[in-house]
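First up is the structure itself, then whatever we jot down about it.
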Amino acid sequence: MMTWKEHLGTEIPDELGREIDIFEMQMELRRQGKLDEKIFAETRLRRGIYGQRYDNGSRHDGVRSQQLSYPSGDVIKGPETLWDAPGMMRIKIPYGGVNPRQLETLGEIAEEYSDGVLHVTTRQDYQLHFVHIDDTPNLMRRLASVGITTREACGNSVRNVTACPLAGVCHTEAFDVSPYAKACSAFLLGHPDAQDFGRKFKISFSGCREEACGLASMHDMGAIAVVRREGGRIRRGFELYVGGGLGAVPHQAKLFDPFLPEEELLPTAQAISRVFARLGEKKNRARARVKFLVAKLGIDEFRKEVLKEREIMPPDERWTAYLPQVPEFQETAVRPPAALNGHQPPPGFEHWVRTNVYRQRQAGYAVATATLPLGDLSSWQARELAVIARRFSGENIRTTVEQNMVLRWISEADLPKLYGELEKIGLGAHGAGTIVDVTACPGTDTCKLGIASSRGLAAEFRRRLGAKFFHLDDSIKNLRIKISGCFNSCGQHHVADIGFYGTSRTIKGHKVPHFQVVLGGQWTENAASYGLAMGSAPARNVPEVLERITGRYLEYRSNGESFQEFVRSVGKKELRAMLQDLLQVPAYEVDSSFYSDWGDPREFSMGDLGTGECAGEVVTLTQFNLASAEQLVFEAQIRLDDRDFAGADSLSYRAMVEAARALVKTEFLDVPGAPDTVVSEFRRRFYDTELFYDKYAGGKFANYLFRRHKSPSQSPTRDAAHQSVEESQLFIEAAHACYERMAREISGVH
Amino acid sequence: MGGWQKLGLKIFLEEPLRAEAQEFIPVFHSWIQNQAVDGHLLIDVHDYSHVHRGPGILLVAHEGNFSLDQGDGRTGLLYYRKQDLDGTREHCIREVFRHTLLACSRLESDPVLGGRVRFHTREMLLLANDRLHTPNSAETFEQLRPGLTRALSGILGRGVFSLDRVEDPRERFSVRVRVRRSFRPGYLLRRLN
Chain A
1 MMTWKEHLGT EIPDELGREI DIFEMQMELR RQGKLDEKIF AETRLRRGIY
51 GQRYDNGSRH DGVRSQQLSY PSGDVIKGPE TLWDAPGMMR IKIPYGGVNP
101 RQLETLGEIA EEYSDGVLHV TTRQDYQLHF VHIDDTPNLM RRLASVGITT
151 REACGNSVRN VTACPLAGVC HTEAFDVSPY AKACSAFLLG HPDAQDFGRK
201 FKISFSGCRE EACGLASMHD MGAIAVVRRE GGRIRRGFEL YVGGGLGAVP
251 HQAKLFDPFL PEEELLPTAQ AISRVFARLG EKKNRARARV KFLVAKLGID
301 EFRKEVLKER EIMPPDERWT AYLPQVPEFQ ETAVRPPAAL NGHQPPPGFE
351 HWVRTNVYRQ RQAGYAVATA TLPLGDLSSW QARELAVIAR RFSGENIRTT
401 VEQNMVLRWI SEADLPKLYG ELEKIGLGAH GAGTIVDVTA CPGTDTCKLG
451 IASSRGLAAE FRRRLGAKFF HLDDSIKNLR IKISGCFNSC GQHHVADIGF
501 YGTSRTIKGH KVPHFQVVLG GQWTENAASY GLAMGSAPAR NVPEVLERIT
551 GRYLEYRSNG ESFQEFVRSV GKKELRAMLQ DLLQVPAYEV DSSFYSDWGD
601 PREFSMGDLG TGECAGEVVT LTQFNLASAE QLVFEAQIRL DDRDFAGADS
651 LSYRAMVEAA RALVKTEFLD VPGAPDTVVS EFRRRFYDTE LFYDKYAGGK
701 FANYLFRRHK SPSQSPTRDA AHQSVEESQL FIEAAHACYE RMAREISGVH
Chain B
751 MGGWQKLGLK IFLEEPLRAE AQEFIPVFHS WIQNQAVDGH LLIDVHDYSH
801 VHRGPGILLV AHEGNFSLDQ GDGRTGLLYY RKQDLDGTRE HCIREVFRHT
851 LLACSRLESD PVLGGRVRFH TREMLLLAND RLHTPNSAET FEQLRPGLTR
901 ALSGILGRGV FSLDRVEDPR ERFSVRVRVR RSFRPGYLLR RLN
């Protein structure tokens, strides 16, 4: 039968196609038990393939824990992660930009491999849930054919590079950051210096300081566009921040450079990556983000380390190669600019315009927000939205960190028609960026770390607030609610006016879902400040908590007092006292509804918590490179079986060079890939020093490499090719042993 | 022509609906508690009722998903395979009918829903969740029509139904099965067995 690989053929870019083929081979190696489970876990994470709740084969059904017995038995795709268990696929979309064709493809794969729903995340990604790992290579091929890669969407890598969804059309920006976000994303994707992190690394781009924009303060690296007048000309640069982050211990980013010239953006990002890889924590996962390194060293020392690294880095033409194209980065409108014509608009239009339309800097054009409830979009809606985009917006669709989608470059005169079309497909809801537009991470719905049902609570808020939206005071309407299922903050609760995160309490032996109430976070000024925790309320009471807080704010606020000012002026003690009665839980016998969560009738349990994969597996760059060498020798074995002896011999040799390079990189990170250089460096650093020597075989295995490097066979026989494969395998084993000896010596364990 | 291993079938609910979507959530959870569906490892329930033309309330299983689907603007029980079915085309169709009808029957008699859920079979939607092997084209339909007719005759009876392809090329290959009279799911199940 025809395969997607054959069907798509040259539509898949070579490099992406090759990567996916390699991953498919690694899957086979793992199935056969020939690839270490941790290495495979980190490998699949770096392809965007994530674990999902219950993938350890156990689920609490409300009465007892059930074992889920999958057909493939105990074959695993990572520690405690069963092969057959459904997983999540994260699809990174740099700065959230997709075109209609990509959106259609996303809709198709959601339908065929997932559950027919695209979920937009708080970092402008898409996520698909309940995906079988066996389907992922074809899923990735279909995405690759429309220019999307899932590479490094998860794992200890540079995650999706985000940017303000209004970049390029905003009134307050210094300049359009989109081409810089795009360049940064492409430059760091698969970059050797960004492969050896202890944890993930998140980057964002903002066009201005004042708005929420790219939320620079809560990112590992946040770049805010600034311009400087120098000698009569305008020079572009970035106010660069590092070491921000939410999670259980939120940190505000520190100013790294008030003006980093545009040509220094990529080399500085690379230098930061090198410092993070070299000095970042690797063992204690809870303290392995850049924010902890910056806090430990202090921003001045961190800066010194980065600048030192910047000095010694070999030059790379890609640092500036994209800059001449930056001015050409322009989106094209499909319709001419025109003002609203004053005709009678359809019912509901005015409300929608008030909250969902942003008038662009370019006269006659606007950005329209399609509000996605809980960030979800059906496959059908994706296809229809693509049609609408082609008609009104062209290629210009972006996701937002508030889990919505925006259509840009809409001729204002078309807004009523656009509204009508969005209404028809269920995406015309007003209230974007208001209190009804609740942000929520997946929580207990699908996340292994979720404690309480963030989506269930968000749905309840939407239901209650939606019903009375028009009666709310503007000061309440404009508040933002964000919910996380646990303290890890994927719902970004710290930067909401009113945030919640899931916790649990035990009352007389029964677990009760709770939400910690976090008040007064600041969304604007790039997430300028984080909220204060006020106390944990049982999930059942949280809607009442919201009611009381907003009611009190409305009643007692001074003239024009912002919610943040109100929270500060009232103070934590009084706010907590105000909520005190709502923090209480009735006995199970009195009201058992407190003992289950929103949207989930099962009695609440913590038994389904799994080991999260957010932190990925700590797999060193050397281990990764050795795994690549193993994959090459596996490929060589296949060639040998296919009687392609020259191919088998060549791949065996490449595998040895790759393994040697993996070792050399531990001492010489920037070693070029040319075999002559690798072999010579390997000889000098590992053979001559006897580091590579086996206790019994001495330098025998190294000589396999040297001999093959010196005298390649022109047309190897079957026996010669077979010998090459065998020797290559032995060489890689020896490389592993050598690396383990080195690691033991470094850690002092013998 | 492949793609039969990932078939789906939607059987529509009688309108007006007399049960809220959320009422199906505890029902599906109870199915998981009892692992009540033969040949399926039931995993989880998901509420997508807020998604326009989405899967509604979804019961996830390893072999195939069941959902109170809103897919084409009407509510019905959609069952579709995720793992390949073995056997002939006719066998695959019969198996998908069997699982869907069983689920419908179970919902109709569920005590929590209290008899407020009734399915009809005047119209059904048969789909192939595989755009590669079963592209949505007139050619595919012409190739598959004889086999489909044969298989459905065995389930519904000869000459009592008509077949029409859903022609939107963006959609998966789907065929509307229009039946002259509505059979009860239980009746069709007995015929199948």
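Going down the list, the protein sequences come from chains A and B. All the letters of the first sequence, read from the start, carry residue numbers 1 to 750 under the working numbering. All the letters of the second sequence, read from the start, carry residue numbers 751 to 943 under the working numbering. For glycine and all other residues, C-beta sits at the position ideal for the given N, C-alpha and C. Note that this is a predicted model, so its numbers are computed, not measured.
Coil, strand or helix - residue i by DSSP
{"i": "Pro250 of chain A", "result": "coil"}
{"i": "Gln195 of chain A", "result": "coil"}
{"i": "Gln26 of chain A", "result": "helix"}
{"i": "Pro897 of chain B", "result": "The amino acid at residue 897 of chain B is misidentified as Pro; the sequence shows Gly. If DSSP states are grouped into helix, strand and coil, Gly897 of chain B belongs with the helices."}
{"i": "Trp598 of chain A", "result": "coil"}
{"i": "Trp409 of chain A", "result": "strand"}
{"i": "Leu427 of chain A", "result": "coil"}
{"i": "Arg538 of chain A", "result": "Per the sequence presented here, residue 538 of chain A reads as Pro, with Arg not at that position. Pro538 of chain A falls in the strand class under three-state DSSP."}
{"i": "Pro716 of chain A", "result": "coil"}
{"i": "Val169 of chain A", "result": "coil"}
{"i": "Gly179 of chain A", "result": "Note on residue identity: the sequence assigns Pro, not Gly, to residue 179 of chain A. Residue state, collapsed to three classes: helix."}
{"i": "Asp14 of chain A", "result": "helix"}
{"i": "Ile109 of chain A", "result": "helix"}
{"i": "Pro513 of chain A", "result": "strand"}
{"i": "His129 of chain A", "result": "strand"}
{"i": "Gln755 of chain B", "result": "helix"}
{"i": "Pro766 of chain B", "result": "coil"}
{"i": "Gly375 of chain A", "result": "helix"}
{"i": "His750 of chain A", "result": "Here His750 of chain A scores only 42 on pLDDT, less than 50, and its place in the model should not be relied on; the value that follows carries that caveat. In this structure, His750 of chain A counts as coil in the three-state DSSP scheme."}
Buried/exposed call for residue i, threshold 16 Cβ in 10 Å
{"i": "Met534 of chain A", "result": "buried"}
{"i": "His750 of chain A", "result": "Confidence is the limiting factor: at His750 of chain A the pLDDT is only 42, short of 50, which leaves the residue's position unreliable and the question unanswerable from this model."}
{"i": "Tyr556 of chain A", "result": "exposed"}
{"i": "Pro716 of chain A", "result": "buried"}
{"i": "Arg289 of chain A", "result": "buried"}
{"i": "Arg462 of chain A", "result": "buried"}
{"i": "Leu143 of chain A", "result": "buried"}
{"i": "Glu574 of chain A", "result": "exposed"}
{"i": "Leu554 of chain A", "result": "exposed"}
{"i": "Gly214 of chain A", "result": "buried"}
{"i": "Lys832 of chain B", "result": "buried"}
{"i": "Asp597 of chain A", "result": "buried"}
{"i": "Gln127 of chain A", "result": "buried"}
{"i": "Pro86 of chain A", "result": "buried"}
Whole-angstrom distance between residue j and residue i, CA atom to CA atom
{"i": "Lys291 of chain A", "j": "Gly758 of chain B", "result": "49 Å"}
{"i": "Met606 of chain A", "j": "His514 of chain A", "result": "12 Å"}
{"i": "Glu582 of chain A", "j": "Ile549 of chain A", "result": "A small correction: the amino acid at residue 582 of chain A is Leu; Glu does not occupy that position in the sequence shown. Approximately 11 Å, taken between the alpha carbons."}
{"i": "Asn943 of chain B", "j": "Cys842 of chain B", "result": "14 Å"}
{"i": "His796 of chain B", "j": "Arg359 of chain A", "result": "37 Å"}
{"i": "Phe259 of chain A", "j": "His883 of chain B", "result": "55 Å"}
{"i": "Arg670 of chain A", "j": "Tyr687 of chain A", "result": "Reading off the sequence shown, one finds Asp at residue 670 of chain A, where the question assumed Arg. So the alpha carbons of these two residues sit roughly 20 Å apart."}
{"i": "Asp61 of chain A", "j": "Val512 of chain A", "result": "16 Å"}
{"i": "Tyr501 of chain A", "j": "Ser453 of chain A", "result": "9 Å"}
{"i": "Ser728 of chain A", "j": "Glu630 of chain A", "result": "9 Å"}
{"i": "Glu11 of chain A", "j": "Val146 of chain A", "result": "8 Å"}
{"i": "Leu898 of chain B", "j": "Glu858 of chain B", "result": "27 Å"}
{"i": "Trp4 of chain A", "j": "Ser628 of chain A", "result": "25 Å"}
{"i": "Cys447 of chain A", "j": "Gln52 of chain A", "result": "6 Å"}
Meets three-Cβ-pair contact criterion under 8 Å: the segment 424-431 of chain A and the segment 498-516 of chain A
Counting C-beta pairs with one atom in each stretch, the segment 424-431 of chain A and the segment 498-516 of chain A have fewer than three that are closer than 8 Å, which means they do not touch.
Please list the residues of the segment 414-436 of chain A that have a C-beta atom closer than 9 Å to any C-beta atom in chain B, keeping them in chain order.
For the segment 414-436 of chain A, the residues whose beta carbon sits under 9 Å from a beta carbon of chain B are, in order, Ile425, Gly426, Leu427.
Are three or more beta carbon pairs between the segment 657-664 of chain A and the segment 70-90 of chain A nearer than 8 Å?
Here the segment 657-664 of chain A does not lie against the segment 70-90 of chain A, with fewer than 3 beta-carbon pairs under 8 Å apart.
If contact is defined by three or more beta carbon pairs under 8 Å, each pair taking one atom from either stretch, is the segment 31-44 of chain A in contact with the segment 166-173 of chain A?
In short, these stretches do not touch, since the Cβ pair count stays below three.
Within 7 Å of chain A by C-beta, residues of the segment 928-942 of chain B in sequence order
Under the 7 Å Cβ criterion, the segment 928-942 of chain B contributes no residue.
Is the segment 154-167 of chain A in contact with the segment 197-204 of chain A, if contact means three or more CB pairs nearer than 8 Å?
Using a Cβ-Cβ distance cut-off of 8 Å, the segment 154-167 of chain A and the segment 197-204 of chain A are in contact, since at least three pairs of beta carbons, one from each stretch, lie closer than that value.
Which residues, in chain order, does the segment 71-105 of chain A contribute to contact with chain B at a C-beta distance below 9 Å?
Residues passing the 9 Å Cβ filter: Pro71, Asp84, Ala85, Pro86, Glu104.
Could you name the residues of the segment 842-856 of chain B whose beta carbon sits closer than 7 Å to any beta carbon of chain A, in the order they occur along the chain?
Within the segment 842-856 of chain B, no residue has a Cβ that lies closer than 7 Å to any Cβ of chain A.
When you compare the segment 174-182 of chain A with the segment 53-60 of chain A, are there three or more beta-carbon pairs, one atom per stretch, that lie closer than 8 Å?
No, they do not touch.
How about the segment 263-279 of chain A and the segment 300-319 of chain A: do they share at least three Cβ pairs that are nearer than 8 Å?
Yes, since at least three Cβ pairs between the segment 263-279 of chain A and the segment 300-319 of chain A fall closer than 8 Å, the two stretches touch.
Taking a Cβ distance cut-off of 7 Å, strictly less, list which residues of the segment 461-472 of chain A are near chain B, in chain order.
Here the close residues number zero.
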